[in-house]
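A.B. asks: So the sequence shown is numbered by numbering that gives the first Met the number 0: it starts at 0 and just counts up by one.
Structure incoming, see below.
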Amino acid sequence: MAEIELHTDKFLLRPVTVQDTEALFQYKSDRITNKYQGWIPSQIKDVYDFIENQISSEINIPNTWYQLAIVTKKNDMLIGDIGLHFIDPGNKQVEIGFSIDKSYQGKGYATEAIEKVIEYLFKKLNKHRVIASVDPGNIKSIRLLERLRFRKEAHFKKSILCRGEWVDDVIYAILQEEWLNQ
């Protein structure tokens, strides 16, 4: 399948490339903003290696991650990213994750970008279910997921080892039929 390019009013959503390494490092290395992320790079080489070795170059491949850059149309700035984990061997379910540079949070940008991606997953790729795994302390992400009509499905106690500490994991999800029948 070819690379994708999605457009919203404000953003171009396109595959992350090695040319994005520095911009990604700028916001992903911020330990305060990304305290709920499982991966925080300590040096720029970590981001380069992540792009080269962890991200699939093709979308919709089972058991892979595909990363989209959120780029402003106004000034071509990378302000965040959306990760898609095609988790289901039958390729009908996707896990979604997202990061937004702290200077662009709270402006509705993540909502606009994620809505477009979910629409693509359900309408173009015909996915059955999209899930998100979130730390229960990450109130901003939980509010975003609820705004997008995801529902809380599970709360697992101390189920993920994150940077040497066992943390809780909350699962949110939305079904294709719920998204399309709104």
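For every residue, glycine included, the Cβ atom is placed at its ideal position computed from N, Cα and C.
Report, in whole angstroms, the separation of the C-beta atoms of residue 139 and residue 171, which I expect to be a contact under 8 Å.
C.D. replies: In fact, because the Cβ distance is near 13 Å, the residues do not count as touching under 8 Å.
A.B. asks: Near residue 0, what residues of its chain come up, given a Cβ to Cβ distance below 7 Å and the 5 sequence neighbours on each side ignored?
C.D. replies: Confidence is the limiting factor: at residue 0 the pLDDT is only 43, short of 50, which leaves the residue's position unreliable and the question unanswerable from this model.
A.B. asks: Please report how far the alpha carbon of residue 174 lies from the alpha carbon of residue 3, in whole angstroms.
C.D. replies: Distance between the alpha carbons of residue 174 and residue 3: 22 Å.
A.B. asks: With DSSP as the reference, please indicate the residues paired to residue 94 in a beta bridge.
C.D. replies: 84 and 130
A.B. asks: Residues in the same chain with beta-carbon distance under 6 Å from residue 94, minus the five sequence neighbours each way, listed in chain order, please.
C.D. replies: 84, 86 and 130
A.B. asks: Kindly list the residues whose CB is nearer than 8 Å to the CB of residue 122, restricted to its own chain and excluding five residues on each side of it in sequence; keep chain order.
C.D. replies: 179
A.B. asks: Assuming the contact rule is C-beta atoms closer than 8 Å, residue 7 and residue 50 should be a hit. Round their C-beta distance to whole Å, please.
C.D. replies: Not really, about 23 Å apart at Cβ, beyond 8 Å.
A.B. asks: Rounded to whole angstroms, what is the Cα-Cα separation between residue 14 and residue 53?
C.D. replies: 13 Å
A.B. asks: Buried or exposed for residue 155, please, with buried defined as at least 16 other CB atoms from any protein chain shown within 10 angstroms of its CB.
C.D. replies: exposed
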